[in-house]
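Sequential numbering of the sequence shown, starting at 20, is according to the numbering used here.
For each residue, glycine too, the CB sits at the ideal point set by N, CA and C.
Here's the structure we're looking at; comments come further down.
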Amino acid sequence: MPNPALGGKLDVMERSVLEYTVLPNQPSKLERYELMLETLGISNDTGRMVATGSEIIQALNKALELAPRARTRP
C-alpha cells in the first residue's frame, strides 16, 4: 500500500496477520477473550491484527506482561 511518509512509494515492510476466528461459546470465556483482544490491541469486531512480525511480537509480549500470574500451590 502506498505510504505517504515515503512520498507515496510502496511500503516494503512485510506484514503478517494475527487472527482469532473462533469465538468462545461460554459467556464467561467470551468476556476474557474480549479482554485478551483489547490487551493485544486487536479490534473485537475483526479479531485481526495486520502488522509486521516484530509489531506482533511486541503486542504479545506486552499482553504477557499485563496478564495475571498463575498462583503457585503451597
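Measuring CA to CA, which of the options is closest to residue i?
i     : options                       : result
Ile75 : Asp64, Gly60 and Glu84        : Gly60
Gly66 : Tyr52, Asn44, Arg88 and Leu79 : Tyr52
Lys81 : Glu57, Glu38, Pro46 and Ala89 : Glu57
Assign residue i to buried or exposed, taking buried as 16 or more other Cβ atoms, counted over all protein chains shown, within 10 Å of its Cβ.
i     : result
Met55 : exposed
Run through the DSSP bridge pairs and tell me what residue i is partnered with.
i     : result
Ser35 : Ala70
Can you list, in chain order, the residues of its chain whose CB lies under 8 Å from that of residue i, leaving out five sequence neighbours each side?
i     : result
Gly72 : Glu33 and Ser35
Excluding sequence positions up to five away, which residues of its chain have a Cβ less than 7 Å from the Cβ of residue i?
i     : result
Val69 : Arg34 and Val36
If we ignore side chains and look at the alpha-carbon of each, how far apart do residue i and residue j end up?
i     : j     : result
Tyr39 : Thr91 : 29 Å
Asn44 : Glu50 : 11 Å
Residues in its own chain within less than 6 Å of residue i by CB, not counting five upstream and five downstream?
i     : result
Ala78 : Leu59 and Gly60
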